[in-house]
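Q: Sequences listed follow chains G and D, in order.
Note that this note's numbering numbers the first sequence so that position 98 is 98, with each residue one more than the last.
Note that this note's numbering numbers the second sequence so that position 300 is 300, with each residue one more than the last.
Number of protein chains: 2
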Amino acid sequence: MKDESISPACGRPARSGGRAARHAMRAAPLTEAKRPIRAGMSGGTYRPLSQQDMERIYETALIALEQIGLADAPPSGVAVMTRAGAILGDDNRLRFPRALVEQMLGLANKAITLHARDPLHDLHLSGTKVHYGTAGAAVHMVDVLGRHYRESTLQDLHDAARIVQQLDNIHFLQRPMVARDVTDNREMDLNTIYACCAGTAKHVGVSFTEPDFTADALEMLHLMAGGEDQWRARPFVSNSNCFVVPPMKFATESCLVMENCIAGGMPVLLLSAGQAGATAPAPIAGAIVQAVAECLAGVVYVNAIKPGHTAIFGTWPFVSDLRTGAMSGGSGEQALLTAGCAQMHHFLGIPGGAAAGIADAKLPDMQAGWEQMCSNVMAGLSGLNMVYEAAGMHASLLGFCFESLILGDDLLGQAMRCVRGIEITDETLGIETMRDVCIGGPGHYLGTDQTLGLMETEYVYPVVADRTSPKEWVERDKPDLIQSAIARKESILGKPTAVPFPPETDAAIRARFNIHLGPVA
Amino acid sequence: MKDESISPACGRPARSGGRAARHAMRAAPLTEAKRPIRAGMSGGTYRPLSQQDMERIYETALIALEQIGLADAPPSGVAVMTRAGAILGDDNRLRFPRALVEQMLGLANKAITLHARDPLHDLHLSGTKVHYGTAGAAVHMVDVLGRHYRESTLQDLHDAARIVQQLDNIHFLQRPMVARDVTDNREMDLNTIYACCAGTAKHVGVSFTEPDFTADALEMLHLMAGGEDQWRARPFVSNSNCFVVPPMKFATESCLVMENCIAGGMPVLLLSAGQAGATAPAPIAGAIVQAVAECLAGVVYVNAIKPGHTAIFGTWPFVSDLRTGAMSGGSGEQALLTAGCAQMHHFLGIPGGAAAGIADAKLPDMQAGWEQMCSNVMAGLSGLNMVYEAAGMHASLLGFCFESLILGDDLLGQAMRCVRGIEITDETLGIETMRDVCIGGPGHYLGTDQTLGLMETEYVYPVVADRTSPKEWVERDKPDLIQSAIARKESILGKPTAVPFPPETDAAIRARFNIHLGPVA
Chain G
1 MKDESISPAC GRPARSGGRA ARHAMRAAPL TEAKRPIRAG MSGGTYRPLS
51 QQDMERIYET ALIALEQIGL ADAPPSGVAV MTRAGAILGD DNRLRFPRAL
101 VEQMLGLANK AITLHARDPL HDLHLSGTKV HYGTAGAAVH MVDVLGRHYR
151 ESTLQDLHDA ARIVQQLDNI HFLQRPMVAR DVTDNREMDL NTIYACCAGT
201 AKHVGVSFTE PDFTADALEM LHLMAGGEDQ WRARPFVSNS NCFVVPPMKF
251 ATESCLVMEN CIAGGMPVLL LSAGQAGATA PAPIAGAIVQ AVAECLAGVV
301 YVNAIKPGHT AIFGTWPFVS DLRTGAMSGG SGEQALLTAG CAQMHHFLGI
351 PGGAAAGIAD AKLPDMQAGW EQMCSNVMAG LSGLNMVYEA AGMHASLLGF
401 CFESLILGDD LLGQAMRCVR GIEITDETLG IETMRDVCIG GPGHYLGTDQ
451 TLGLMETEYV YPVVADRTSP KEWVERDKPD LIQSAIARKE SILGKPTAVP
501 FPPETDAAIR ARFNIHLGPV A
Chain D
1 MKDESISPAC GRPARSGGRA ARHAMRAAPL TEAKRPIRAG MSGGTYRPLS
51 QQDMERIYET ALIALEQIGL ADAPPSGVAV MTRAGAILGD DNRLRFPRAL
101 VEQMLGLANK AITLHARDPL HDLHLSGTKV HYGTAGAAVH MVDVLGRHYR
151 ESTLQDLHDA ARIVQQLDNI HFLQRPMVAR DVTDNREMDL NTIYACCAGT
201 AKHVGVSFTE PDFTADALEM LHLMAGGEDQ WRARPFVSNS NCFVVPPMKF
251 ATESCLVMEN CIAGGMPVLL LSAGQAGATA PAPIAGAIVQ AVAECLAGVV
301 YVNAIKPGHT AIFGTWPFVS DLRTGAMSGG SGEQALLTAG CAQMHHFLGI
351 PGGAAAGIAD AKLPDMQAGW EQMCSNVMAG LSGLNMVYEA AGMHASLLGF
401 CFESLILGDD LLGQAMRCVR GIEITDETLG IETMRDVCIG GPGHYLGTDQ
451 TLGLMETEYV YPVVADRTSP KEWVERDKPD LIQSAIARKE SILGKPTAVP
501 FPPETDAAIR ARFNIHLGPV A
């Protein structure tokens with residue numbers, strides 16, 4: 001943010017030149033590099049765990065893998081993992097010697113690219129780079145005005161994709177809800193891919209109900225990509241794979257799905273979704289241990305099949321309200337779990353993801369706002385690479401809400417501004433500007449070149465959220481937040497899909513598969 | 001959280017004994033020490049500034065004090081500060097040599113107690129201990145159902161105090177709004193003290209319009225305390241003092257108020273409330289520099305008068321929306337400013353406070369929720385000793401809202417849970433419990449002793465916020481968050497004041513002063 005017009009020698013602003021150019025610059029759209037926030041900014045300033053804490057968690061996870069191990073691996077998985085060095089016990093549990101885990105961590109891909117149909121939206125996962133996006137398997141849509149939960153449909157999914165495409169601070173679309181109007185599971189999985197990819201050119205995540213659905217899915221993706229080679233060069237869809245059933249059991253069918261995805265060149269999200277106090281230990285520390293242990297088993301599995309295959313370390317422990325056993329994704333405990341997991345990813349040096357931004361609130365009310373911000377900003381500050389469920393999620397993942405998704409874009413913009421942090425440079429410390437303002441100057445910073453120069457490159461402004469004074473608010477007829485979100489939703493959905501497939505591609509897909517959506521272009 | 005019934009030797013739970021005792025323990029109210037959260041938990045895990053960053057900010061602040069200095073000190077202040085070593089320039093600016101600043105920092109009180117009428121609510125400020133409370137000078141009350149801003153009154157202030165008294169996660173009451181129905185400034189200041197202290201026995205903060213109002217105020221406080229000695233032993237009201245008009249000018253009248261408060265044994269909040277981009281530099285770093293410089297001048301001032309007098313380092317930089325120049329307390333930039341200031345307090349080793357929890361939203365809607373959580377949780381994680389404005393504040397401090405205050409209690413409970421963090425011990429890592437559950441056990445953690453033992457001591461449950469499933473939510477007639485907050489408000493305000501003055505004290509105060517509130521007991 002160096003302001004060339006201030007001469008350090010005399011401390012006085014040189015008014016000639018520069019200003020007109022800056023004004024012209026501000027009138028033009030900001031280049032991606034100059035935007036105050038963007039996908040992949042680095043967090044890591046929030047560290048709930050000490051180095052020793054992380055070592056103890058890792059050690060305990062290794063002990064769990066060595067002594068407890070995981071049950072229920074499919075025969076193919078047992079074969080590949082025992083060949084690599086895992087030990088199948090008499091109790092049919094697969095145990096993992098420490099050396100095997102460390103060897104496989106060494107083989108694992110440490111800097112992942114998640115491709116997008118539009119390369120502008122490629123995500124580069126490493127270190128503490130942060131990306132926010134949707135995820136989940138909600139079965140309801142939230143009808144905000146009707147205060148009602150209805151079943152989610154394929155069209156909803158497509159609309160969610162179209163909205164995500166327009167939201168700057170939602171960096172990827174993992175399928176957030178289930179198309180309940182497509183009753184055949186194979187057709188549901190295939191139509192889910194179509195509905196998502198036809199709506200957004202950002203990276204897409206999906207899951208598969210059965211292992212033998214993946215061949216059709218890959219065929220569809222080859223059509224979308226323009227051929228198998230093009231797909232394999234830039235796979236723009238990943239498989240969100242619940243490969244374990246916590247505690248410490250492989251999910252047999254999902255493991256077979258994973259094996260197929262690896263063969264098909266599809267990135268895999270190794271998802272361990274225990275629930276502290278129910279399917280994971282109640283202490284936050286113990287829930288992290290179990291999630292890390294389970295995902296390390298996944299790292300062994302993936303890298304034993306194909307060293308370096310793109311896999312995201314998906315420690316997604318959730319939280320129970322221990323009074324009822326029900327999930328509480330909006331709690332402070334959830335925010336801590338997620339941030340702690342992010343630190344473990346950095347400790348292991350492996351790109352990872354976890355869940356944040358879940359509201360327990362049924363509607364996009366004040367509770368939803370604080371619940372969504374708490375875990376989202378902590379996930380970002382902790383440097384979580386992939387923040388899943390970051391927008392739109394209500395009732396602890398049971399309901400998805402378009403208005404909340406749109407408001408979530410503003411919420412995540414502020415969270416990402418926090419991730420960007422505080423820049424300390426000679427220019428930002430600004431003793432010269434302070435001197436000029438205070439001694440013989442105007443006594444305020446309103447018109448300084450420094451202030452004007454930072455207006456669009458350092459400050460983040462909301463799109464829908466309201467910052468008017470009470471007086472302006474009255475003059476504008478007291479805009480209602482939800483109504484403003486509805487207006488933006490209708491504006492987006494009222495336009496054609498922004499990123500349609502080429503007509504011949506669409507025709508080829510529709511000729512080969514039973515696409516339930518009408519023409520989308 | 002050690003669970004005595006698990007024997008580390010055999011790894012099996014010993015079912016005999018213990019359980020009945022634990023159930024009995026849970027049925028009893030939790031002692032203060034066992035509550036999962038309480039005032040003064042330690043933060044500090046979020047550190048937006050590196051050590052070098054903090055050194056550079058401090059160095060720049062010292063340069064600003066040495067080279068720019070502050071204008072407009074009252075003659076009494078000039079006298080005491082020049083006697084201590086400050087230098088009055090020909091331009092009437094008071095400049096502070098580095099050695100003077102460091103000497104006075106050495107004299108400053110590093111571990112403050114802010115007393116409360118009820119000693120249970122005393123606040124102990126040091127290190128990274130976190131306390132949340134109200135503050136501000138709102139001129140409006142938010143009428144939530146009417147979607148309307150009306151003028152705030154003395155009764156509102158008293159009601160706010162009564163509500164704060166009942167909210168576990170609001171640890172102090174600094175006067176959040178102005179009693180606009182008391183038009184005489186002296187009577188307003190005196191009635192403000194009365195209305196606050198008659199409503200809550202937590203620590204109270206107030207301000208004074210003119211220096212010569214403090215004598216009456218101290219007389220009233222002596223009556224409340226039972227004598228001047230009792231007041232001086234446990235001063236339960238502090239003076240929130242805007243002793244500077246940023247940038248870098250003393251507020252002459254407020255400085256005289258401060259001198260009187262120091263003489264009267266009243267703790268002082270040294271409040272520097274610049275607005276980045278208007279009365280403070282636009283870069284976050286520069287705004288922190290200026291706030292630190294101004295508060296360091298305050299430390300010199302206070303300790304030159306009375307070494308070790310209780311003073312809170314009140315770096316309260318706010319943020320402008322640079323498009324309009326209007327304040328935006330709900331922005332990510334605000335959250336960063338506040339957290340950065342907290343780190344500077346730790347760097348200087350001096351107890352401090354700053355503003356967080358401000359909503360730009362006019363109503364307690366989703367925007368308000370995310371705005372209030374963002375800065376509150378970041379302030380807590382950064383270990384800010386006094387988080388002012390933490391609840392109830394809307395329209396960037398122009399409006400105060402009872403319903404939002406009540407919801408803020410739930411919000412701050414979750415934030416404080418995050419401050420508490422993740423405990424790593426043999427018990428929380430829990431390999432034995434994991435083994436018991438997975439190998440020959442039930443395959444889930446729902447009924448384990450570990451889970452039951454943590455239910456009330458590690459997990460925080462909201463009072464008003466709703467965690468029901470969509471099904472239960474329908475069965476309960478879809479409770480509305482705002483209506484639930486109104487119900488709690490009416491329940492609190494429908495009861496007599498919980499902490500009335502003794503009748504003879506109240507009579508003595510009313511005999512001496514014109515108290516505008518009717519009888520409160």
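From the three backbone atoms N, C-alpha and C, an ideal C-beta is built for every residue, glycine too.
Note that the structure is predicted; figures quoted are calculated from it, not measured.
Measuring alpha carbon to alpha carbon, tell me which of G:Ser382, G:Gly314, G:Cys374 and G:Val463 ends up nearest glycine 413 of chain G.
A: Translated into positions along the first sequence, residue 413 of chain G becomes position 413. For glycine 413 of chain G, the nearest C-alpha among the options comes from G:Val463.
Q: Can you pull the chain D neighbours of lysine 362 of chain G, defined as C-beta to C-beta under 8 Å?
A: Counted from its first residue, the first sequence places residue 362 of chain G at position 362. Contact note: lysine 362 of chain G reaches chain D through Asp466, Thr468, Pro470, Trp473 and Lys478, using a C-beta cutoff of 8 Å and chain order.
Q: Should asparagine 92 of chain G be labelled buried (16 or more other beta-carbon atoms within 10 Å of its own) or exposed?
A: On the first sequence, residue 92 of chain G is found 92 positions in, with the first residue counted as 1. So asparagine 92 of chain G ends up on the exposed side.
Q: Does the beta carbon of valine 437 of chain G come closer than 8 Å to any beta carbon on chain D?
A: As a first step, residue 437 of chain G is located in the first sequence; it is residue number 437 there, counting from the start. Interface residue, yes.
Q: So the beta strand (DSSP E) asparagine 63 of chain D belongs to, where does it begin and stop?
A: Counting from 1 along the second sequence, the entry for residue 63 of chain D is found at position 63. Looking at the sequence shown, residue 63 of chain D is not asparagine but isoleucine. Segment 51 to 63 is the alpha helix (DSSP H) holding isoleucine 63 of chain D; no beta strand (DSSP E) there.
Q: Once the 5 residues before and after glutamine 166 of chain D are set aside, which same chain residues still bring their CB inside 6 Å of it?
A: By one-based count along the second sequence, residue 166 of chain D stands at place 166. Excluding sequence neighbours, glutamine 166 of chain D sits near Ile492.
Q: Of all the CB atoms in chain D, is at least one closer than 8 Å to the CB of tryptophan 316 of chain G?
A: Counting from one through the first sequence, the residue named residue 316 of chain G turns up at place 316. Judged by the 8 Å Cβ criterion, tryptophan 316 of chain G is not in contact with chain D.
Q: Counting only C-beta atoms, is glycine 380 of chain D closer than 8 Å to chain G at any point?
A: The residue you call residue 380 of chain D lines up with position 380 of the second sequence. With a threshold of 8 Å between beta carbons, glycine 380 of chain D makes no contact with chain G.
Q: Assign threonine 200 of chain G to one of three DSSP states: helix, strand, or coil.
A: Taking the first residue of the first sequence as 1, we reach residue 200 of chain G at position 200. Residue state, collapsed to three classes: coil.
Q: Using the beta-carbon of each residue, which ones in chain G are nearer than 9 Å to methionine 177 of chain D?
A: Walking along the second sequence from the start, residue 177 of chain D turns up at place 177. Here the premise fails: no neighbours, minimum Cβ distance about 13 Å.
Q: Taking only the alpha-carbon atoms, compute the straight-line gap between leucine 296 of chain D and valine 474 of chain G and give it to the nearest angstrom.
A: Here residue 296 of chain D corresponds to residue number 296 of the second sequence, with the count starting at 1. Here residue 474 of chain G corresponds to residue number 474 of the first sequence, with the count starting at 1. Looking at the two C-alpha atoms, the distance is approximately 41 Å.
Q: Tell me where the beta strand (DSSP E) around methionine 248 of chain G begins and ends.
A: Your numbering for residue 248 of chain G matches position 248 in the first sequence. Taken as a continuous stretch (DSSP letters only), methionine 248 of chain G belongs to no beta strand (DSSP E), as it is neither H nor E.
Q: Give a yes or no on whether the C-beta atoms belonging to leucine 363 of chain G and arginine 147 of chain G are separated by under 8 Å.
A: For the purposes of this step, residue 363 of chain G is identified with residue 363 of the first sequence, where counting begins at 1. For the purposes of this step, residue 147 of chain G is identified with residue 147 of the first sequence, where counting begins at 1. Going by C-beta atoms, leucine 363 of chain G is nearer than 8 Å to arginine 147 of chain G.
Q: Just by C-beta distance, which residues in the stretch 305 to 330 of chain G are closer than 7 Å to chain D?
A: Asp321, Leu322, Arg323, Gly325, Ala326 and Ser328
Q: Cutting at 7 Å between CB atoms, please list the residues of its own chain near glycine 77 of chain G, excluding the five before and the five after it.
A: Numbered from its first residue, the first sequence carries residue 77 of chain G at position 77. If we look at glycine 77 of chain G and ignore the five residues flanking it on each side, its Cβ neighbours are Phe250, Cys255 and Tyr301.
Q: Nearest-angstrom Cα distance between arginine 512 of chain G and leucine 157 of chain G?
A: In the first sequence, counting from the first residue as 1, residue 512 of chain G sits at position 512. In the first sequence, counting from the first residue as 1, residue 157 of chain G sits at position 157. Straight-line Cα distance between these residues: approximately 21 Å.
Q: Considering only their Cβ atoms, is the gap separating glutamine 290 of chain G from alanine 283 of chain G smaller than 8 Å?
A: Residue mapping note: residue 283 of chain G aligns to position 283 of the first sequence, counting from 1. Residue mapping note: residue 290 of chain G aligns to position 290 of the first sequence, counting from 1. In the sequence as presented, alanine is not what sits at residue 283 of chain G; that position holds proline. Taking 8 Å as the Cβ cut-off, proline 283 of chain G and glutamine 290 of chain G do not qualify as a contacting pair.
Q: Which residues of chain G have a Cβ atom closer than 7 Å to the Cβ of proline 48 of chain D, listed in chain order?
A: Sequence index remark: in the second sequence, residue 48 of chain D carries index 48 (1-based). Within 7 Å Cβ-Cβ: Thr45, Gly421 and Ile422.
Q: Taking all protein chains shown into account, decide if lysine 471 of chain G is buried (16 or more other Cβ within 10 angstroms of its Cβ) or exposed.
A: Your numbering for residue 471 of chain G matches position 471 in the first sequence. Exposed.
Q: Does the distance from the CB of alanine 359 of chain G to the CB of methionine 393 of chain G come in under 8 Å?
A: Here residue 359 of chain G is taken as the residue at index 359 of the first sequence, counted from 1. Here residue 393 of chain G is taken as the residue at index 393 of the first sequence, counted from 1. In this structure, methionine 393 of chain G lies closer than 8 Å to alanine 359 of chain G by Cβ.
Q: Using a Cβ-Cβ distance under 8 Å, would methionine 41 of chain G count as near chain D?
A: Taking the first residue of the first sequence as position 1, residue 41 of chain G is located at position 41. At a cut-off of 8 Å between C-beta atoms, methionine 41 of chain G does not count as an interface residue with respect to chain D.
Q: Compare the beta carbon distance of leucine 337 of chain D and proline 317 of chain D with 8 Å and say whether it is the shorter of the two.
A: Locating residue 337 of chain D in the second sequence gives position 337, where the first residue counts as 1. Locating residue 317 of chain D in the second sequence gives position 317, where the first residue counts as 1. The answer is yes: Cβ separation under 8 Å.
Q: Measure the alpha-carbon distance for serine 152 of chain G versus aspartate 189 of chain G and round it to whole angstroms.
A: If you number the first sequence from 1, residue 152 of chain G lands on position 152. If you number the first sequence from 1, residue 189 of chain G lands on position 189. Taking the straight line joining both Cα atoms gives about 14 Å.
Q: Inspect the beta-carbon positions of alanine 276 of chain D and serine 240 of chain D and report whether they are closer than 8 Å.
A: Residue 276 of chain D sits at position 276 when you count from the first residue of the second sequence. Residue 240 of chain D sits at position 240 when you count from the first residue of the second sequence. Cβ distance not < 8 Å, so alanine 276 of chain D and serine 240 of chain D don't count as in contact.
Q: Count the CB pairs spanning the stretch 226 to 242 of chain G and the stretch 257 to 271 of chain G that are closer than 8 Å, and state whether there are at least three.
A: yes
Q: Got a sec, what are the start and stop residues for the beta strand (DSSP E) aspartate 477 of chain G sits in?
A: The count along the first sequence starts at 1 and reaches residue 477 of chain G at position 477. Looking at the DSSP string, aspartate 477 of chain G is not in any beta strand (DSSP E), and its letter there is neither H nor E.
Q: Determine the direct distance from the alpha carbon of leucine 405 of chain G to that of tyrosine 132 of chain G, and round the result to whole angstroms.
A: Taking the first residue of the first sequence as position 1, residue 132 of chain G is located at position 132. Taking the first residue of the first sequence as position 1, residue 405 of chain G is located at position 405. Going by the C-alpha atoms only, they are around 12 Å apart.
Q: Restricting to runs no shorter than 3 residues, where is the beta strand (DSSP E) found entirely within the stretch 138 to 168 of chain D?
A: Positions of the beta strand (DSSP E) runs, each at least 3 residues long and wholly inside the stretch 138 to 168 of chain D, are given as 140 to 143 and 148 to 151 in order along the chain.
Q: Taking only runs of the beta strand (DSSP E) that begin and end inside the stretch 285 to 368 of chain G, which ones reach a length of at least 3 residues, in chain order?
A: 311 to 315 and 353 to 355
Q: Label aspartate 53 of chain G either buried or exposed according to how many other C-beta atoms from any shown protein chain fall within 10 Å of its C-beta, with 16 as the threshold for buried.
A: In the first sequence, residue 53 of chain G corresponds to position 53, counting from 1. Answer is buried; the Cβ neighbour count reaches 16.
Q: Which residue's Cα is closest to the Cα of glutamine 343 of chain G: G:Glu228, G:Asp181 and G:Ser126?
A: Numbered from 1 along the first sequence, position 343 holds the residue referred to as residue 343 of chain G. The option with the nearest alpha carbon to glutamine 343 of chain G is G:Ser126.
Q: Can you name the residues that DSSP bridges to asparagine 241 of chain D?
A: Here residue 241 of chain D is taken as the residue at index 241 of the second sequence, counted from 1. BP columns for asparagine 241 of chain D point to D:Leu270.
Q: Using a threshold of 8 Å, state whether the C-beta atoms of methionine 141 of chain D and phenylalanine 400 of chain D are closer than that.
A: Indexing the second sequence from 1 puts residue 141 of chain D at position 141. Indexing the second sequence from 1 puts residue 400 of chain D at position 400. In contact: methionine 141 of chain D and phenylalanine 400 of chain D (Cβ atoms closer than 8 Å).
Q: Please tell me whether, using a cut-off of 7 Å, the distance from the CB of arginine 83 of chain D to the nearest non-hydrogen atom of the ligand NAP is below it.
A: For the ligand NAP, the structure offers nothing, since it holds no ligand at all.
Q: Kindly list the residues whose CB is nearer than 7 Å to the CB of arginine 232 of chain D, restricted to its own chain and excluding five residues on each side of it in sequence; keep chain order.
A: As a first step, residue 232 of chain D must be located in the second sequence, where it is residue number 232. Same-chain partners within the cutoff: Gly265.
Q: Quick check on the burial criterion: 16 or more other C-beta atoms within 10 angstroms. Buried or exposed for glutamine 230 of chain D?
A: For the purposes of this step, residue 230 of chain D is taken as residue 230 along the second sequence, with counting starting at 1. The residue in question, glutamine 230 of chain D, is exposed, as its Cβ has fewer than 16 Cβ neighbours within 10 Å.
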